[in-house]
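Student:
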Amino acid sequence: MEPEAAIVPTVGPASLVVVDPNGQKKRVPLDQNPFFIGRQPDNHLILRDTRVSRVHARILVEDGGYVLEDIGSRHGTFINGQRVTRKRLDVSDRIEFGAQDSYHLLFALDGAELKRLMEQVGAGEKQPPGVGSNLGKLRAILELARTLQTSFSIDEVLASVVDTALAITGAERGFLLLRSGAALDTKVARHRQGHNLRETDLRVPREVIRRALEHRRELLSMNFDPLGAADTRPQNSIADLELRSAICVPLVRIRAGLGDSTTILNSVNETVGVLYMDSRLVAADMAGGNRELLQTLAIEASTVLENARLLVEEQSKHQMEEELRLARTIQQSLLPNSLPSDGWLHASGSSLASREVGGDYYDVARVTAHCWSAVLADVSGKGVGSALLASLLQGALITATEHPVAMGHRLERLNHFLLDRTGGEKYATAFYCLLHSDGRMYYVNAAHCPPMVLRAGGERLELEANSMPVGLIDSAEYAVIEQSLAPGDKIVIYSDGVTEAQNTEKGFFGKKRLREIVEAHAGESCEAIHRAIQEAVAGFTEGAPQSDDITLVVLEFRGAA
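Dropping the structure here:
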């Protein structure tokens, strides 16, 4: 297949809106004849999907239009869901290549074609009024609406809507004004000759427009006698602007429904703006027999605005999902690759990420042959900020010293650092301990859930909080407490995501249930206790989504050999 030289089509310029599997769009002009589509590098449009044939299809300029032709592809070429071998393209046709999760294309006519369609809308004025004239305009509007759907620029689309309204009414000026709180902002201001209005020509009778919006009439057409106009205020009045005719068409919020259904909302609060046109020429009913057409055009403008709003929502949702993905990546990178499983200390740990990523992290790190440090921290809030702060905490605490006095000093410095940087808006609860091979354990509980110590003899002890969270108040002190361990003792450290795990009826797992599980398995290994708690939480929640991470570490002191 040899690409042809570029041509100047004998029909209106067109392009393909290429939508990749992730929903990203780009516009590709149809500036070659024929225009080849496929996986192979020398195609004019390259689709990088192994299910697309090397040379899959081509588009030809033929008999004043564009024709799509399949070139013996393996999985077929589809237009609007129907498999085709050859078919003339219409505006907004959806082209697919045999796989719904692959690329798809939208056929679009470019700006010159929009102009032709708008001229067609206005052409009815030269014909005798009647059903035939209006039907011709309606057909042109419907074709225009399909063309607008493939445009990237909302400003271009709304300008085309106003230009079409001017063509229908014969008005001199057209505006699209949108609500911004109690005010009306000018989004589009066009002259009937097809250009934007100058700054000095943007004044409109806002009081008239405001009344039209308040009464929420479908269309308000007005004629004025400048000499007898009641509104004689000097600024932006009918008399001052020398207006003879005006039309206001309110724009109501369009809400998309299931399938192809839409809902037009009718309350005053759901009016999003107005399509306004006026003329300084002889007074006339500019709406004439075109009321239905203008209302149809207003619905199209409202639909464009709603689609733009939904697009912004979708982009915000996508950005949030990307932030959550990044936060999960950061969070997982904080977790240790391995935990001690031989010698005098054994450990088992996990962190189950929730639907809203928080800032939980845990670590068990060797300090010397005779000393290990362990920490479980829970940063306030959700998202990337919390995950990054957890990363900072890990960096500050991972380089532990075997001297217990240094533990308190390190937390105090970290507390001041976080306060200086976040002003108390981000803080963390933490349980931080040092374990020595001779059974000495030193710990600080900075407002964290009290870990449980299970004695080999069956006694249970809870290590209550003795300090404030890290990064919350400037005067916080972090006292180090000593505790003795005997061989066979275990320590269960957990985040509040364990006790606050919810079932489908919004009930909490709770501390009582956790204590019962721990005591029932007290004589087992740290791995068995860890597994029993995990299974109990999973059985309780029954798959209900959780709003907090479920983080758990179980340490087992076995004593020096």
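With numbering that gives the first Met the number 0, the residue at position 527 of the sequence shown is 526, and numbering never jumps.
Glycine included, each C-beta is placed from N, C-alpha and C at the ideal position.
1) From Ser91 to Ala181, what distance separates their C-alpha atoms?
2) CB-CB under 7 Å to Arg189, same chain, minus the five flanking residues each way: which ones, in chain order?
3) In three-state terms, what does DSSP make of Gly384?
4) In the DSSP assignment, the beta strand (DSSP E) including Val60 goes from what residue to what residue?
5) For His194, write down the residues that DSSP places opposite it in a beta bridge.
6) Determine, using beta carbons only, whether Ile549 and Gly496 come nearer to each other than 9 Å.
7) Give me the Cβ distance between Pro449 and Glu463, rounded to the nearest whole Å; I'm assuming they're in contact under 8 Å.
8) Please determine, among His435, His520 and Ile532, the residue with the shortest C-alpha to C-alpha distance to Pro486.
9) Going along the chain, which unbroken runs of the beta strand (DSSP E) with 3 or more residues stay wholly within the region 338–396?
10) In angstroms with no decimal places, state the Cα-to-Cα distance between Ile480 and Gly394.
11) Just verifying my parser: in three-state terms, what is the DSSP assignment at Cys448?
12) Closest to Ser350 by CA distance: which of Ala364, Gln330 and Leu338 is it?
13) Grab the span of the beta strand (DSSP E) containing Ala429 for me, first residue to last.
14) For the ligand ATP, is there a heavy atom less than 8 Å away from the beta-carbon of Gly348?
15) Among His520, Phe556, Glu504 and Ala519, which one has its Cα closest to the Cα of Ala543?
16) With DSSP as the reference, label Ser466 as helix, strand or coil.
17) Examine the Cβ distances between the region 426–433 and the region 384–392 and report whether three or more of them are shorter than 8 Å.
18) Just verifying my parser: in three-state terms, what is the DSSP assignment at Arg26?
19) As a quick exercise: from Ile492, Val366 and Cys247, pick the residue whose alpha carbon is nearest that of Arg514.
20) Ordered along the chain, which non-local residues of its own chain (more than five positions away) have a Cβ less than 6 Å from that of Leu585?
21) What would DSSP say about Val90, mapped onto helix, strand or coil?
22) What would DSSP say about Ser315, mapped onto helix, strand or coil?
23) From the DSSP output, read off the bridge partner residues of Asp41.
24) Look at the Cβ atom of Asn414, then the Cβ atom of Val469, and state whether they are nearer than 9 Å.
25) Pick helix, strand or coil for Glu68, following the three-state DSSP scheme.
26) Could you tell me the alpha carbon to alpha carbon distance between Val273 and Val16, rounded to whole angstroms?
27) Classify Asp277 as helix, strand or coil using the three-state DSSP reduction.
28) Expressed to the nearest angstrom, what Euclidean distance is found between the alpha-carbon atoms of Ala364 and Ala373?
29) Based on the DSSP output, what are the partners of Arg82 in its beta bridges?
30) Which residue's Cα is closest to the Cα of His43: Lys489, Phe556, Glu61 and Asp30?
31) Checking 9 Å against the spacing of the C-beta atoms, do Asp488 and Leu418 come in under that value?
32) Per the DSSP calculation, Ala182 is bridged to which residue(s)?
33) Look at the alpha carbon of Phe508 and the alpha carbon of Thr498, and state the distance between them as a whole number of angstroms.
34) Any idea if Ala475 is buried or exposed, counting beta-carbon neighbours within 10 angstroms, 16 or more meaning buried?
35) Please state whether DSSP places Thr328 in a helix, a strand or coil.
36) Let's see if you can read the secondary structure: which residues bound the alpha helix (DSSP H) around Phe556?
Tutor: According to the data block:
1) Indexing the sequence shown from 1 puts residue 91 at position 92. Indexing the sequence shown from 1 puts residue 181 at position 182. Approximately 37 Å between the Cα atoms of the pair.
2) For the purposes of this step, residue 189 is taken as residue 190 along the sequence shown, with counting starting at 1. Counting only Cβ-Cβ distances below 7 Å, and skipping sequence neighbours, we find Ala158, Val161, Asp162, Leu165, Gly173, Asn195 and Leu196.
3) Start at 1 with the first residue of the sequence shown, and residue 384 comes out as number 385. Helix, per DSSP.
4) To locate residue 60, count along the sequence shown from 1; it is residue 61. Its beta strand (DSSP E) spans residues Ala56 to Glu61.
5) On the sequence shown, position 195 is the one that residue 194 refers to. Answer by DSSP bridge pairing: none, since His194 is not bridged.
6) Looking up residue 549 in the sequence shown gives position 550. Looking up residue 496 in the sequence shown gives position 497. The beta carbons of Ile549 and Gly496 sit closer together than 9 Å.
7) For this step, residue 449 is matched to residue 450 along the sequence shown. For this step, residue 463 is matched to residue 464 along the sequence shown. Contact flag correct, Cβ pair sits at about 5 Å.
8) Position 487 of the sequence shown, counted from the start, is the residue given in the question as residue 486. Answer by Cα proximity: His435.
9) Fully enclosed beta strand (DSSP E) runs of no fewer than 3 residues occupy 344–351, 358–367 and 370–378 of the region 338–396, in order along the chain.
10) In the sequence shown, residue 480 corresponds to position 481, counting from 1. In the sequence shown, residue 394 corresponds to position 395, counting from 1. Per the coordinates, the alpha-carbon of Ile480 lies some 23 Å from the alpha-carbon of Gly394.
11) Along the sequence shown, read from residue 1 onward, the residue named residue 448 stands at position 449. Assigned with DSSP and collapsed to three states, Cys448 falls in coil, not helix or strand.
12) In the sequence shown, counting from the first residue as 1, residue 350 sits at position 351. The shortest C-alpha separation from Ser350 is found at Gln330.
13) As a first step, residue 429 is located in the sequence shown; it is residue number 430 there, counting from the start. In the DSSP annotation of this structure, the continuous segment of the beta strand (DSSP E) that includes Ala429 starts and ends at Ala427 to His435.
14) The ligand ATP is absent from the structure shown, which contains no ligands of any kind.
15) In the sequence shown, residue 543 corresponds to position 544, counting from 1. If we check each option's Cα against that of Ala543, Glu504 comes out closest.
16) To locate residue 466, count along the sequence shown from 1; it is residue 467. Strand, per DSSP.
17) Touching, per the Cβ criterion.
18) Stepping through the sequence shown from its first residue, residue 26 is reached at position 27. Three-state DSSP puts Arg26 in a strand.
19) As a first step, residue 514 is located in the sequence shown; it is residue number 515 there, counting from the start. Among Ile492, Val366 and Cys247, the Cα nearest to that of Arg514 belongs to Ile492.
20) The requested residue 585 does not occur in the structure, where the chain is confined to residues 0 to 560.
21) Start at 1 with the first residue of the sequence shown, and residue 90 comes out as number 91. In the structure shown, Val90 falls within a coil segment according to DSSP collapsed to helix, strand and coil.
22) Residue 315 sits at position 316 when you count from the first residue of the sequence shown. Helix at Ser315.
23) Taking the first residue of the sequence shown as position 1, residue 41 is located at position 42. Paired residues: none, contrary to the question.
24) What you label residue 414 is simply residue 415 of the sequence shown in a count that begins at 1. What you label residue 469 is simply residue 470 of the sequence shown in a count that begins at 1. A contact, by the Cβ cut-off of 9 Å.
25) Reading the sequence shown from its first residue, position 69 is the one you call residue 68. For Glu68, the three-state secondary structure derived from DSSP is strand.
26) Translated into the one-based positions of the sequence shown, residue 273 becomes position 274. Translated into the one-based positions of the sequence shown, residue 16 becomes position 17. Cα-Cα distance, rounded: 30 Å.
27) Position 278 of the sequence shown, counted from the first residue, corresponds to residue 277. Strand.
28) For the purposes of this step, residue 364 is taken as residue 365 along the sequence shown, with counting starting at 1. For the purposes of this step, residue 373 is taken as residue 374 along the sequence shown, with counting starting at 1. So the two alpha carbons sit approximately 6 Å from each other.
29) Your numbering for residue 82 matches position 83 in the sequence shown. In the DSSP secondary-structure assignment, Arg82 is bridged to Phe77.
30) Within the sequence shown, numbered from 1, the residue matching residue 43 stands at position 44. The shortest C-alpha separation from His43 is found at Asp30.
31) The residue given as residue 488 occupies position 489 in the sequence shown. The residue given as residue 418 occupies position 419 in the sequence shown. When the beta-carbon positions are compared, Asp488 and Leu418 stay at least 9 Å from each other.
32) Locating residue 182 in the sequence shown gives position 183, where the first residue counts as 1. Beta-bridge pairing links Ala182 to Ser179.
33) Taking the first residue of the sequence shown as 1, we reach residue 508 at position 509. Taking the first residue of the sequence shown as 1, we reach residue 498 at position 499. Distance between the alpha carbons of Phe508 and Thr498: 5 Å.
34) Taking the first residue of the sequence shown as position 1, residue 475 is located at position 476. Taking a 10 Å sphere around the C-beta of Ala475, we find 16 or more other C-beta atoms and assign the residue as buried.
35) Locating residue 328 in the sequence shown gives position 329, counting from the first residue. Residue state, collapsed to three classes: helix.
36) Residue 556 sits at position 557 when you count from the first residue of the sequence shown. Where Phe556 is concerned, there is no enclosing alpha helix (DSSP H), although the beta strand (DSSP E) it sits in stretches over Ile549 to Phe556.
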